[in-house]
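I have placed the structure first, in the form of structure tokens, so that the comments after it can refer back to it.
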């Protein structure tokens with residue numbers, strides 16, 4: 001599958017707790033021909049402006065719920081439907097600069113109906129985009 | 141003479157649907173516009189409550205079918221055996237997913253629930269009383285690289301013969317009965333010497349050249365040659381298409397995946413013998429549905445899929461009328 005839809009909102013948002021910068025978030029679509037169980041996500045790597053985001057600084061949000069990345073493997077009854085965007089929160093006290101930010105995603109997803117006895121195919125999904133800070137100055 | 145009934149799998153709109161260009165309603169409307177009596181829906185793709193049944197959404201789905209006057213025919217389920225990270229699903233879990241699917245299918249008005257062969261004969265037998273209670277034909281799809289003689293299918297045939305129930309059966313996919321390679325098989329191979337060698341190999345394969353000769357010819361491709369020829373033989377069955385094997389399963393068939401990859405302007409499909417396969421259905425007074433399942437973008441990503449869908453409808457109707 002292509003990666004055209006993954007980061008298609010083009011937006012990144014600054015998050016606050018009161019006046020304190022909490023981090024930022026952006027929406028992500030599962031750009032595939034069907035949805036996935038969260039437990040089938042074998043890897044989720046995010047790079048923002050060239051910096052690899054540590055796994056423990058990220059939270060994956062879908063279906064009104066939030067999951068740490070290392071919790072995903074246990075979420076075998078949680079389904080990410082292809083029409084529903086999930087979002088990724090990155091916790092950092094450093095506020096985002098205005099304008100565009102380069103975001104790269106690498107997802108590895110197990111295809112759960114593709115084999116038996118623990119031997120399944122995994123698909124690699126790569127997506128890149130420039131996400132503009134909401135309310136900030138940036139290009140289309 | 142009974143008319144052939146046609147179903148369209150909405151999976152054919154995967155491209156525009158997954159890009160957000162078409163929603164479920166537009167897919168259903170398009171199926172009607174193209175002339176289909178009924179539709180198939182892949183739940184994991186288009187049902188937001190997957191893998192569970194949501195009565196409110198099911199009501200919405202039924203109302204769309206009513207609005208566009210299209211019959212919900214087949215609900216397509218997966219056996220997501222590898223969904224857990226620590227182990228495969230066990231029998232009770234596979235049964236529960238199947239019961240959830242049967243309930244959803246029933247609530248949405250579907251006649252058929254198409255599952256996968258990995259459900260196992262044992263779980264299928266356990267699910268039968270529920271399929272009967274819901275009035276749904278629970279069927280598993282026979283798909284390439286499987287053929288009727290694949291051992292698991294003989295186990296299923298024994299189950300179907302033992303139970304002899306209208307609520308258990310199979311959905312044969314014509315990919316299991318492909319004679320030769322599709323005309324578009326090499327469309328994405330870049331032009332050059334390698335493509336010329338492959339074109340000759342495919343042509344010779346289609347013309348029944350012996351395996352020995354093909355493997356020798358394929359040495360021109362180096363190490364990749366054997367793999368290339370192996371794949372031809374795994375997909376194209378040539379003189380060994382198991383028509384007799386299929387015939388044994390037809391009493392348990394209410395829905396057929398009329399799979400194809402390319403139909404030319406003359407309404408001819410070179411790789412799958414539709415006249416022969418449709419005659420088998422006619423001869424048994426088949427009154428189920430033939431589903432148009434176009435998978436040609438696998439080999440030819442830029443092909444006009446709507447045009448290919450139109451050709452399938454015209455081709456199969458023309459063949460049926462002559463039988």
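Residue numbers (my numbering), protein chains in the order written: chain A, 1 to 140; chain B, 141 to 463.
Where a beta carbon is used, it is the ideal one built from N, C-alpha and C, also for glycine.
Within 9 angstroms, strictly: CB atoms of residue 310 of chain B and residue 265 of chain B: no
Spell out whether any CB of chain A is found under 9 angstroms from the CB atom of residue 254 of chain B. no
Of all Cβ atoms in chain B, is any one closer than 9 angstroms to the Cβ of residue 138 of chain A? Unreliable positioning characterises residue 138 of chain A in this predicted model, as indicated by a pLDDT of 36, which lies under 50. The coordinate reading is nonetheless provided below. So, not an interface residue.
Same chain only: Cβ atoms within 7 angstroms of residue 293 of chain B, ignoring 5 sequence neighbours per side: 282, 286
For residue 252 of chain B versus residue 394 of chain B, is the C-beta distance shorter than 9 angstroms? yes
Residue 210 of chain B lies in the alpha helix (DSSP H); which residues open and close that run? No alpha helix (DSSP H) holds residue 210 of chain B; DSSP gives it neither H nor E.
Interface flag, residue 26 of chain A vs chain B, CB-CB below 9 angstroms: no
For residue 97 of chain A, go through chain B and note every residue whose CB falls closer than 8 angstroms to its CB, in chain order. Under the 8 angstroms cutoff, chain B gives no residues; its nearest Cβ is about 29 angstroms from residue 97 of chain A.
So does the stretch 412-423 of chain B actually touch the stretch 330-338 of chain B, counting three or more Cβ pairs closer than 8 angstroms? no
Let me see if you follow: with CB-CB separation under 9 angstroms, is residue 82 of chain A close to chain B or not? yes
Would you verify that the beta carbon of residue 111 of chain A is, or is not, closer than 9 angstroms to some beta carbon of chain B? yes
Have a look at residue 81 of chain A and residue 343 of chain B and give me their C-alpha separation to the nearest angstrom. 42 angstroms
Residues in the same chain with beta-carbon distance under 6 angstroms from residue 4 of chain A, minus the five sequence neighbours each way, listed in chain order, please. none
Within chain A, partners of residue 184 of chain B - CB distance below 7 angstroms: 34, 35
Inspect the beta-carbon positions of residue 30 of chain A and residue 13 of chain A and report whether they are closer than 9 angstroms. no
Sub-9 angstroms separation of residue 386 of chain B and residue 315 of chain B beta-carbons: no
Could you name the residues of the stretch 1-22 of chain A whose beta carbon sits closer than 8 angstroms to any beta carbon of chain B, in the order they occur along the chain? 1, 4, 5, 8
For residue 446 of chain B, which of B:382, B:144, B:156, B:295 has the nearest alpha-carbon? B:156
For the stretch 142-158 of chain B, list every residue whose C-beta sits within 7 angstroms of some C-beta in chain A, in sequence order. 154, 158
Terminal residues of the alpha helix (DSSP H) in which residue 240 of chain B lies: 231-248
What number of angstroms, rounded off, separates the C-alpha of residue 306 of chain B from the C-alpha of residue 295 of chain B? 18 angstroms
8 angstroms CB neighbourhood of residue 101 of chain A in its chain, flanking five on each side removed: 12, 48, 49, 130, 131, 132, 133
Rounded to the nearest angstrom, what separates residue 440 of chain B and residue 91 of chain A at their Cα positions? 44 angstroms
In the DSSP assignment, find the unbroken alpha helix (DSSP H) run with residue 61 of chain A in it and report its ends. Where residue 61 of chain A is concerned, there is no enclosing alpha helix (DSSP H), although the beta strand (DSSP E) it sits in stretches over 58-62.
Work out the CA separation of residue 149 of chain B and residue 179 of chain B for me, nearest whole Å. 6 angstroms
Residue 274 of chain B and residue 235 of chain B closer than 9 angstroms at C-beta: no
When you compare the stretch 178-198 of chain B with the stretch 209-217 of chain B, are there three or more beta-carbon pairs, one atom per stretch, that lie closer than 8 angstroms? yes
Can we say the stretch 32-44 of chain A touches the stretch 69-78 of chain A, given the rule of at least three CB pairs closer than 8 angstroms? yes
Give the range of the beta strand (DSSP E) segment to which residue 155 of chain B is assigned. Careful: residue 155 of chain B lies outside any beta strand (DSSP E), inside the alpha helix (DSSP H) at 154-158.
What do you reckon, are the CB atoms on residue 276 of chain B and residue 237 of chain B nearer than 9 angstroms? no
If residue 201 of chain B sits next to residue 248 of chain B, beta carbons under 8 angstroms apart, how far is it from one beta carbon to the other, in whole angstroms? 5 angstroms
Length of the line joining the Cα atoms of residue 312 of chain B and residue 401 of chain B: 16 angstroms
Endpoints, the alpha helix (DSSP H) within which residue 181 of chain B is located: Unbroken run through residue 181 of chain B is the beta strand (DSSP E), 178-182; no alpha helix (DSSP H).
Taking only the alpha-carbon atoms, compute the straight-line gap between residue 472 of chain B and residue 210 of chain B and give it to the nearest angstrom. In the structure as shown, chain B begins at 141 and stops at 463. Residue 472 of chain B is therefore absent and cannot be evaluated.
According to DSSP, simplified to helix, strand and coil, what is residue 253 of chain B? strand
Please name the residue, chosen from B:384, B:383, B:349, that lies closest to residue 369 of chain B on a Cα-to-Cα basis. B:349
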